[in-house]
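One structure is given below, encoded as structure tokens.
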């Protein structure tokens, strides 16, 4: 199989070649590894290789799943593969090797995916760039010196570079949608409770974090979600059940929808003209496709919610670091973690139980605010980010300029973080590129549990303005 044939297909297209006997899983893996060898030295997206594990899985015989034989990457954050280290992008976990698989990993294996590595993440997914002291800097395939986004920047950079058509990702404040926007991909954050976190946790960051993928096609995102979204025994809650497979929604007529457009940032951050223009162009296209589009504003006092999310994230970080210190039999010290991780670890110690409980309550109240707004609309369209992809270094957890870091983080999560708090499904779609050649995503937000509408409309946009054949130049 030629590299060109490999790159011309999405994950479902590759799976079809395997199903019909037109290609073997070994051939697909060889293509992925050839692209990895050629392009990863430029972008540094895949620091942990699992090539022996991938070849052994093929030799044993892959399950007859819907994505049998398709090369795949796991994000190096929380997801566990027995016998392969999970570092979370942190030096303190550099040699952490789990003795079991995460439930999501079991489901990916059952789908027939061939995992050949783990993609880069910043430390604990705490920022929207993918830079760490442990593994270095991941670069954007569209422009040298620009961030690939984060925290799933390794996954997004690898997909945008043509190493593979889809990769696992996760999102606790924008970490699927932001790198999808930065790298010109389709990146869907599912509803809270849609996918499993077990067996080691029931939820991530009190329900703000979830797991899915970045993909080049809408249908790959749907197929991957179908493969993993069954309720998990023992989970604390589950999203409303889907009416039918998400793959069936791709290409289905969405009907005439009521769609709101908002270009003011939820958190009050200034919004770059490139991002406003991209969102307005998406809204205009939706209107041309027959939908009822109008400007509206979700009114919300974001400042208390922003404080609440920081308290919850910092508390979970402290619990994780303390547990690791106990496992190692020593105290956690500053050199174990990055500057801002240490700052969070230190400052959250002064947060009391009552303050933490209030933070969780505020986060839950955000769901009512978003759902109240969406009672009058089927979808909300916004920019994915408030600015184009940042220069590398600005959003690094080791940036000594803390005000610059915080301003950059506010900009990059201006439209995404609220939806993690509320639990609503949201997706970044790649419909615009700016004068510098960088992708600028638009975000679509649906009612809780309604990923189906996002897949229907995402496919409608993909058909109207195809993006699959836009290839990153790798400079």
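Numbering (the numbering used here), first residue to last: 22 to 496. All C-beta atoms, glycine included, are put in the ideal place defined by N, C-alpha and C.
{"Query": "Residue of 348, 257, 87 minimising C-alpha distance to residue 119", "Result": "348"}
{"Query": "Beta-carbon separation (whole angstroms), residue 188 vs residue 94, contact threshold 8 Å", "Result": "4 Å"}
{"Query": "At least 3 beta-carbon pairs within less than 8 Å: the segment 379-397 vs the segment 175-187", "Result": "no"}
{"Query": "For residue 367, the three-state DSSP class (helix, strand or coil)", "Result": "helix"}
{"Query": "Every unbroken beta strand (DSSP E) inside the segment 271-331 [3 residues or more]", "Result": "279-282, 313-316"}
{"Query": "Separation of residue 171 from residue 34, as counted between CA atoms", "Result": "27 Å"}
{"Query": "Cβ pair residue 96, residue 45 closer than 8 Å", "Result": "no"}
{"Query": "Residue 63 and residue 210 closer than 8 Å at C-beta", "Result": "no"}
{"Query": "Cβ-based neighbour list, residue 323, same chain, cut-off 8 Å, excluding 5 preceding and 5 following", "Result": "287, 288, 289, 439"}
{"Query": "Helix, strand or coil at residue 152 according to DSSP, with G and I counted as helix", "Result": "strand"}
{"Query": "Per-residue DSSP class, three states only, for residue 192", "Result": "strand"}
{"Query": "Inter-residue Cα distance where the pair is residue 428 and residue 168", "Result": "16 Å"}
{"Query": "Backbone CA spacing between residue 339 and residue 227 [nearest angstrom]", "Result": "14 Å"}
{"Query": "Residue of 315, 164, 243, 419 minimising C-alpha distance to residue 461", "Result": "164"}
{"Query": "Proximity below 8 Å, CB of residue 399 to CB of residue 474", "Result": "yes"}
{"Query": "Reduced DSSP secondary structure (H/G/I, E/B, other) of residue 210", "Result": "strand"}
{"Query": "Own chain partners of residue 128 with C-beta closer than 7 Å, once the 5 adjacent residues on each side are dropped", "Result": "248, 249"}
{"Query": "Own chain partners of residue 193 with C-beta closer than 7 Å, once the 5 adjacent residues on each side are dropped", "Result": "146, 225, 226, 229, 230, 441"}
{"Query": "Segment contact, 8 Å Cβ cut-off, at least three pairs: the segment 99-118 with the segment 50-65", "Result": "no"}
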